[in-house]
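Have a look at the structure below, then the notes.
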Amino acid sequence: MSQNNKKMEKHGLSEADLLLENGHRFVEVAKLGLKHAGKCCLDCGFMRRADGNNKPCKGPVKLALRSNEADQ
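Numbering-wise (this note's numbering), the sequence shown opens with residue 999 and increments by one.
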């Protein structure tokens, strides 16, 4: 099962709950357990602009340590 499907299953979401736009998979943040209004992308975490002029989704967020070139 992919990470995206795990997120949907964890929060009880279906494909009908998603707003697909410009590569993003937006869902109401209230369905994720947050108490404010709006939509955010399940993959990259961007909040949806009200006018719909969002940049393309960059995909899942990745965390990594930065290499410190000054120490080398």
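We put the CB at the ideal spot given by N, CA and C, even for glycine.
Inset, instruction - Reducing DSSP to helix, strand and coil, say where MET999 ends up. - result: Low per-residue confidence applies at MET999: pLDDT is 49, beneath 50, and the placement is therefore not dependable enough to give any value.
Legend entry - Residue environment, HIS1009, which counts as buried when at least 16 other CB atoms sit within 10 Å: exposed
Legend entry - Inter-residue spacing [alpha-carbon to alpha-carbon] between SER1012 and ASN1003: 10 Å
Inset, instruction - Take MET999 and list the residues in its own chain whose beta-carbon comes closer than 6 Å to its own, dropping the five residues that flank it on each side. - result: Low per-residue confidence applies at MET999: pLDDT is 49, beneath 50, and the placement is therefore not dependable enough to give any value.
Inset, instruction - Give a yes or no on whether the C-beta atoms belonging to LEU1016 and LEU1040 are separated by under 9 Å. - result: yes
Legend entry - Environment of LYS1037 [buried if 16+ CB atoms lie within 10 Å]: buried
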